[in-house]
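**Q** Its first residue numbered 1137, the sequence shown is counted upward by one per residue in the numbering used here.
From the three backbone atoms N, C-alpha and C, an ideal C-beta is built for every residue, glycine too.
Encoded as structure tokens, here's the structure I'll be asking about.
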Amino acid sequence: MTLAIEIEQEKDGRWIAEIRQIPGAMVYGRTREEAVSRVEALALRVLAERR
């Protein structure tokens, strides 16, 4: 399964990462890398709980 991560920087400097294919999978991070890492971890948890 391939999931697309959308990343955007807020005006206050925080980064938002979201996976639209998974409702509610949106996180903030202080850096781009932190946001991506957090949303990947969240996606894995959500997908594991669905099984």
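Expressed to the nearest angstrom, what Euclidean distance is found between the alpha-carbon atoms of A1171 and I1143?
**A** C-alpha separation (whole angstroms): 8 Å.
**Q** Mapping DSSP to helix, strand and coil, what is A1161?
**A** DSSP places A1161 in coil when its eight states are reduced to three.
**Q** Please work out which residues of its chain come closer than 8 Å, Cβ to Cβ, to R1156, disregarding the five sequence neighbours upstream and downstream, and give them in chain order.
**A** Around R1156: A1140 and E1142.
**Q** Any idea what DSSP makes of E1185, helix, strand or coil?
**A** Reduced to three states, the DSSP call for E1185 is helix.
**Q** What three-state label does DSSP hand E1086 in the structure shown?
**A** As displayed, the chain neither begins before 1137 nor continues past 1187, which places residue 1086 out of reach and without an answer.
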